[in-house]
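J.:
Numbering (this note's numbering), first residue to last: 1168 to 1483.
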């Protein structure tokens, strides 16, 4: 089968089609999308080499009767089921896990992927595949509410109006929270407002404006410092992005102000799929361009441009 392989450089290669093991299903990839994590991997994040990609919508071609022929999306953490974290029902923190297209597990920029059936979720009827491919990052947005007890009455500042910043902001909007998403660029602010979001230029944020919750999804070292500049003492700082380069953080500020710092990544697929099924909002407005798989290297070049929004890959 054809796959996009990263081994210091990106190339389309012919590799062996996976054979599903016991408890796994074989999924034909129909759509995939490029995530910022994919872009960070080719800069050196996680030291991963192999087939990239973890956001997808596909069809089960080999699996149990309840799954075979179904359109699905899939969770990216493949757990061992035996370690201490698995016994604590925290499989996404399994000590022996593989993470699809990120760590010790081949990704979805390929014709097929074999995944544990327990990782798969059937796409609700009526949800277009182009929207379904957003399930994984939308679930990551919902994870904030799983890990942080946020009250709708609390003021929330979201830093970074990129792809993830939009999804996070849309979720806060659905919860009826008092939120604002900030960006340095006027174009991103205008785009966020066109998407129905409360958005402002970062330059408009006054030094004395502070929030009980600050979410950093800028992917930059300065983003965390900016978030702390506008976080109330005893406030909650949520970190949503990973980058290849290490960040320097003034830990004294965290201690002195008694901030609660929460790392947040993968989240629950259930709420994400319900949101898509109900049409509460449709993330397809974030799609900048769709490339055929044969042009996936060009797609990476496009996605790497500053300010680029979501790039999808069509596999059929």
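All residues carry an ideal CB built from backbone N, CA and C; glycine is no exception. These numbers come from a predicted model, not from an experiment.
(1) What are the start and end residues of the beta strand (DSSP E) that includes residue 1358?
(2) Run through the stretch 1316–1354 for me and flag every whole beta strand (DSSP E) of 3 or more residues, listed as ranges in chain order.
(3) Taking 9 Å as the cut-off, decide whether the C-beta atoms of residue 1378 and residue 1324 are in contact.
(4) Check the C-beta distance from residue 1300 over to residue 1223 and give it rounded, since I have them as a contact under 8 Å.
(5) Could you tell me if residue 1486 is buried or exposed, where buried requires 16 or more neighbouring beta carbons within 10 angstroms of its beta carbon?
(6) State yes or no: is the C-beta of residue 1457 within less than 9 Å of the C-beta of residue 1479?
(7) Which residue's Cα is closest to the Cα of residue 1421: 1395, 1209, 1483?
(8) Does residue 1187 pass the burial test, meaning 16 or more other C-beta atoms within 10 Å, or should it be called exposed?
(9) Could you check where the beta strand (DSSP E) with residue 1276 kicks off and where it finishes?
(10) Please look up how many angstroms separate the CB atoms of residue 1242 and residue 1194, rounded, as I've assumed it's under 8 Å.
(11) Does the beta-carbon of residue 1330 have 16 or more other beta-carbons within 10 angstroms, so that it is buried, or is it exposed?
(12) Going straight from the alpha carbon of residue 1215 to that of residue 1176, what length do you get?
(13) Alpha carbon to alpha carbon, what distance is there between residue 1434 and residue 1239?
(14) From 1210, 1313, 1258, 1383, pick the residue whose C-alpha is nearest to that of residue 1283; which is it?
(15) Can you look up residue 1181 in the DSSP assignment and give me helix, strand or coil?
(16) Ignoring anything shorter than 4 residues, give me the alpha helix (DSSP H) runs that lie fully in the stretch 1393–1454, in order along the chain.
(17) Leaving out five residues before and five after residue 1429 in sequence, what residues of the same chain have Cβ atoms less than 6 Å from its Cβ?
(18) For residue 1289, collect the residues of the same chain with a Cβ closer than 8 Å to its Cβ; drop the 5 residues on either side in sequence, then sort them by chain order.
T.: On the basis of the data shown:
(1) Walking along the chain shown from the start, residue 1358 turns up at place 191. It is not in any beta strand (DSSP E) - residue 1358 instead sits in the alpha helix (DSSP H) that spans 1353–1361.
(2) 1322–1326, 1345–1350, all fully within the stretch 1316–1354.
(3) Translated into positions along the chain shown, residue 1378 becomes position 211. Translated into positions along the chain shown, residue 1324 becomes position 157. In contact: residue 1378 and residue 1324 (Cβ atoms closer than 9 Å).
(4) Reading the chain shown from its first residue, position 133 is the one you call residue 1300. Reading the chain shown from its first residue, position 56 is the one you call residue 1223. About 6 Å separates the CB atoms of residue 1300 and residue 1223; that is less than 8 Å, so the two are in contact.
(5) Any answer about residue 1486 is impossible in this case: the structure gives the chain only from 1168 up to 1483.
(6) Here residue 1457 refers to the residue found at position 290 when the chain shown is read from its first residue. Here residue 1479 refers to the residue found at position 312 when the chain shown is read from its first residue. In this structure, residue 1479 lies closer than 9 Å to residue 1457 by Cβ.
(7) Here residue 1421 refers to the residue found at position 254 when the chain shown is read from its first residue. For the residues 1395, 1209, 1483, the minimum Cα distance to residue 1421 belongs to 1395.
(8) The residue you call residue 1187 lines up with position 20 of the chain shown. Label assigned to residue 1187: buried.
(9) Looking up residue 1276 in the chain shown gives position 109. Here residue 1276 belongs to no beta strand (DSSP E), and DSSP marks it neither H nor E.
(10) Locating residue 1242 in the chain shown gives position 75, where the first residue counts as 1. Locating residue 1194 in the chain shown gives position 27, where the first residue counts as 1. For a cut-off of 8 Å, the C-beta gap from residue 1242 to residue 1194 is around 12 Å, too long to register as a contact.
(11) Along the chain shown, one-based indexing puts residue 1330 at 163. Buried: at least 16 other Cβ atoms inside 10 Å.
(12) Against the chain shown, residue 1215 aligns to sequence position 48. Against the chain shown, residue 1176 aligns to sequence position 9. Rounded to the nearest angstrom, the two C-alpha atoms are 12 Å apart.
(13) In the chain shown, residue 1239 corresponds to position 72, counting from 1. In the chain shown, residue 1434 corresponds to position 267, counting from 1. About 17 Å.
(14) What you label residue 1283 is simply residue 116 of the chain shown in a count that begins at 1. Answer by Cα proximity: 1258.
(15) Translated into the one-based positions of the chain shown, residue 1181 becomes position 14. Strand.
(16) Correct list: 1418–1424, 1436–1445.
(17) Looking up residue 1429 in the chain shown gives position 262. Contacts found: 1314, 1315, 1405.
(18) Position 122 of the chain shown, counted from the first residue, corresponds to residue 1289. Counting only Cβ-Cβ distances below 8 Å, and skipping sequence neighbours, we find 1234, 1237, 1238, 1239.
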